[in-house]
Amino acid sequence: MTAILTLDGLTKRYGEVMAVYNLSLTIRRNEFFSLIGPSGCGKTTTLRSVAGLESAQKGRIEMAGSTVFDAARRRDLPANKRPIGMVFQSYAIWPHMTIFDNIAYPLKVRRRPRDEIRRRVQRVLDMLGMGALGARMPSQLSGGQQQRVALGRALVIEPRLLLLDEPLSNLDAKLRESMRAELKQVQRDTGLPILYVTHDQDEALAMSDRIGVMSGGRLHQVGSPSEIYTRPATRFVLDFIGSVSYLPCRVLSRDHDGVSVAWGEDFEARARLAVNRDTPREGAASLAVRPEHVRLTPKEEQAAADAAQGVVKLRAYLGDAWDYHVRVGNSVIRARTDSALCLEEGAEVTVRLRQAFVLSAGGNDPNAPICPAALEAR
6 MTAILTLDGL TKRYGEVMAV YNLSLTIRRN EFFSLIGPSG CGKTTTLRSV AGLESAQKGR
66 IEMAGSTVFD AARRRDLPAN KRPIGMVFQS YAIWPHMTIF DNIAYPLKVR RRPRDEIRRR
126 VQRVLDMLGM GALGARMPSQ LSGGQQQRVA LGRALVIEPR LLLLDEPLSN LDAKLRESMR
186 AELKQVQRDT GLPILYVTHD QDEALAMSDR IGVMSGGRLH QVGSPSEIYT RPATRFVLDF
246 IGSVSYLPCR VLSRDHDGVS VAWGEDFEAR ARLAVNRDTP REGAASLAVR PEHVRLTPKE
306 EQAAADAAQG VVKLRAYLGD AWDYHVRVGN SVIRARTDSA LCLEEGAEVT VRLRQAFVLS
366 AGGNDPNAPI CPAALEAR
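In terms of our numbering, the sequence shown opens at residue 6 and continues consecutively.
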């Protein structure tokens, strides 16, 4: 698929701080692409560099087939010359203008004919479900409606690429969820490629065609939401996306077909897992387990060989599920179960693992590669 945006070796430094390091990335036409990572990871600096609001020290940016930035050739196209629309975290809606005039402003600056302005603004208002609200002032709108105005102002210029910098962070949880669906629908209706920056993994997983995970100015992994979640490339991606608990284990044996591990308080439980290139051959190791892959049952007196014993330390009711913190030996793991399974704090339980990742013991390097696929207990 043809690329709408290409970043090649982008590097941006603020004094001694390396904000973005040697970042290369391609975004396809009609794609919803999210950059996600913790605060200070470089995602907003990357977005601002694409917008022309920051100038990198190294690298090249190509947009819609044209080079808009090339550090080696000292080419840096101004932001107003780049074919982009942008929505900031703060919507920057002018309080003294009507909704119609807020959205129309970039067209007026471009000196478009009055009839064209009226037609294009009304089309955007209708698309955003605000066709009858053009005469209102910003103070008369809800937070979600103000967000739509900022989005409409970016769309009305018919950009080749839309940049969104955490536009939903100021909304409450319920409204944020509904706006996620609206943004995705707008993207599908227009076919407009979107580069979306967020620290909220739920937003990224729900809306994106592909996700790029950043930390410390580096791009750790690019992939579909399911690839990022089920096949994390590094320890950082595993820790950052979703929840994960760690259990000590021992690798008993390994061959081309799989690896046998012992885990639990006294390493009494056994599991046969799919082998991967990073699995230790034998000895001390660690299991990384997601809450939905932990199965709990009331304590079984004669538990099978694949089970360990634990004690419920904490529980939280989530409506459609229970979130349990369970002590297994000297470790505490999280388990998420159906709401029908109600276990009291202090209850003794039998624990089984549906899936796990096997990591080298003491491997705390966030850049260290891990298994390319979720390891399924057999």
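C-beta: ideal position from N, C-alpha, C; glycine also.
Query raised in the report: Where does G288 sit, in a helix, a strand or coil, going by DSSP?
Result: For the purposes of this step, residue 288 is taken as the residue at position 283 of the sequence shown. For G288, the secondary structure class from DSSP, reduced to helix, strand or coil, is strand.
Query raised in the report: In whole angstroms, what separates the C-alpha of L58 from that of V331?
Result: Locating residue 58 in the sequence shown gives position 53, where the first residue counts as 1. Locating residue 331 in the sequence shown gives position 326, where the first residue counts as 1. Counting only the Cα atoms, V331 lies some 48 Å from L58.
Query raised in the report: Do M212 and R185 have their C-beta atoms closer together than 7 Å?
Result: Position 207 of the sequence shown, counting from 1, holds the residue named residue 212. Position 180 of the sequence shown, counting from 1, holds the residue named residue 185. Contact: yes.
Report task. Using the DSSP secondary-structure output, state which residues sit across from F37 in a beta bridge. Result -> On the sequence shown, residue 37 is found 32 positions in, with the first residue counted as 1. Partner(s): I199.
Report task. For the alpha helix (DSSP H) containing L130, list its first residue and its last residue. Result -> Counting from one through the sequence shown, the residue named residue 130 turns up at place 125. Boundaries of the alpha helix (DSSP H) around L130: R119 to M132.
Query raised in the report: Near G351, which residues of its chain fall below 6 Å by C-beta distance, leaving aside the five closest residues on each side in sequence?
Result: Translated into the one-based positions of the sequence shown, residue 351 becomes position 346. Contacts found: none.
Report task. Report yes if the C-beta distance between I89 and A56 is below 7 Å; otherwise report no. Result -> Position 84 of the sequence shown holds residue 89. Position 51 of the sequence shown holds residue 56. Cβ distance < 7 Å, so I89 and A56 count as in contact.
Report task. Examine the Cβ distances between the segment 173–190 and the segment 21–36 and report whether three or more of them are shorter than 8 Å. Result -> Taking 8 Å as the limit for Cβ pairs, the verdict is that the segment 21–36 does not touch the segment 173–190.
Requested in this report: For A155, I'd like the list of residues in its chain whose CB is within less than 8 Å of its CB, leaving aside the five on either flank, ordered along the chain.
Outcome: Position 150 of the sequence shown, counted from the first residue, corresponds to residue 155. Residues of the same chain with a CB within less than 8 Å of the CB of A155, apart from the 5 flanking positions on each side, are V92, F93, Y96, A97, I98 and P172 in chain order.
Requested in this report: Could you say which of E349, E306 and A308 lies nearest to D328 if we only look at CA atoms?
Outcome: By one-based count along the sequence shown, residue 328 stands at place 323. Nearest C-alpha to D328: E349.
Requested in this report: Assign E21 to one of three DSSP states: helix, strand, or coil.
Outcome: Position 16 of the sequence shown, counted from the start, is the residue given in the question as residue 21. In the three-state DSSP reduction, E21 falls in the coil class, being neither helix nor strand.
Query raised in the report: Between the segment 214–233 and the segment 27–38, do at least 3 Cβ pairs fall closer than 8 Å?
Result: Three or more pairs of CB atoms, one per stretch, sit closer than 8 Å, so the segment 214–233 contacts the segment 27–38.
Query raised in the report: Among Q152, V161 and L169, which residue has its Cα nearest to the Cα of D177?
Result: Taking the first residue of the sequence shown as position 1, residue 177 is located at position 172. The residue from Q152, V161 and L169 with its alpha-carbon nearest to that of D177 is Q152.
Report task. Identify whether S220 lies in helix, strand or coil by the three-state DSSP scheme. Result -> The residue given as residue 220 occupies position 215 in the sequence shown. In the displayed model, S220 falls within a strand according to three-state DSSP.
**Report entry** Where F93 sits in the DSSP three-state scheme
**Finding:** Translated into the one-based positions of the sequence shown, residue 93 becomes position 88. In the structure shown, F93 falls within a coil segment according to DSSP collapsed to helix, strand and coil.
Query raised in the report: Under the DSSP definition of a beta bridge, which residues are partnered with D81?
Result: Position 76 of the sequence shown, counted from the start, is the residue given in the question as residue 81. Paired residues: F74.
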